[in-house]
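Q:
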Amino acid sequence: MPSPNYGNGVQHQRLPPYGKPKKSSGNACLKCICCCYGFLILMLIIIAGLTFYLYLEYKPEIPSYRYGDNSDVEAYFKTTFLCSGKLPSFKQGHKNITIMNIEMKGENGFGTALQDALEESQKNGQVPLLVTVKAPVNIILGSLQLREFTVHVKCYLVLDSLLSGNKPKIVSSRYDIDASF
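At position 137 of the sequence shown the residue is numbered 163 (the numbering used here), and the sequence of numbers has no breaks.
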């Protein structure tokens, strides 16, 4: 279409409509990622502030542990039960090492094969024992006592001897620890 002539001899050019439609910039994915990162940073700042507030408000203490009454300690030579006992109920503080004597009782008539195996192990200085411990434990934070859970410990020991009058020496040890809630 020719440009209109308005009678003054000057031709006017037609201008395109004001404001072209904008093309998609293709950065929608980038904008979404930036929004997500901004939200994550905001959440981290809120969580850090809340943690700081709770720390100042409650002044957390190092936990202590309370061991309950329903504990079991058992000892085995190879797979044969030897004796059992109970842990005393007590509270143990942070960095506290508690040594306790546990009375272990058991009545087991050893057969000759088991007696011979035990004597042979003592001659070799390699007496294998398994000691299992099951103990209910509460973690205590200041005046707050958390839910009780049970700790299961299997201690595989090799001692040099079990003769009375001799203090046995641990030749090797391995521990498996598990907890149930």
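Heads up, the beta-carbon is just placed ideally off N, CA and C, and yes, glycines get one too.
#1: Buried or exposed for residue 97, please, with buried defined as at least 16 other CB atoms from any protein chain shown within 10 angstroms of its CB.
#2: Out of 186, 115 and 182, point me to the one whose CA is closest to residue 145's CA.
#3: Please classify residue 57: does DSSP put it in a helix, a strand, or coil?
#4: Between which two residues does the alpha helix (DSSP H) containing residue 138 stretch?
#5: In angstroms with no decimal places, state the Cα-to-Cα distance between residue 133 and residue 111.
#6: Ignore the nearest five residues each way along the sequence and tell me which others in residue 84's own chain have a CB closer than 8 Å to its CB.
#7: Can you look up residue 100 in the DSSP assignment and give me helix, strand or coil?
#8: If we call anything under 8 Å between Cβ atoms a contact, is residue 228 one with residue 87?
#9: Contact between the segment 142-156 and the segment 119-128: three or more CB pairs below 8 Å?
#10: Going by C-alpha to C-alpha distance, which of 76, 198, 61 and 206 sits closest to residue 266?
#11: In the DSSP output, what is residue 183 paired with across the bridge?
#12: Residues in the same chain with beta-carbon distance under 8 Å from residue 74, minus the five sequence neighbours each way, listed in chain order, please.
A: Here's the rundown:
#1: buried
#2: 186
#3: helix
#4: 138-150
#5: 12 Å
#6: 168
#7: strand
#8: It is not possible to answer for residue 228, since the shown part of the chain is limited to 27 through 207.
#9: no
#10: What the structure shows of the chain is the stretch from 27 to 207, and residue 266 is not part of that stretch, so it cannot be assessed.
#11: 155 and 199
#12: none
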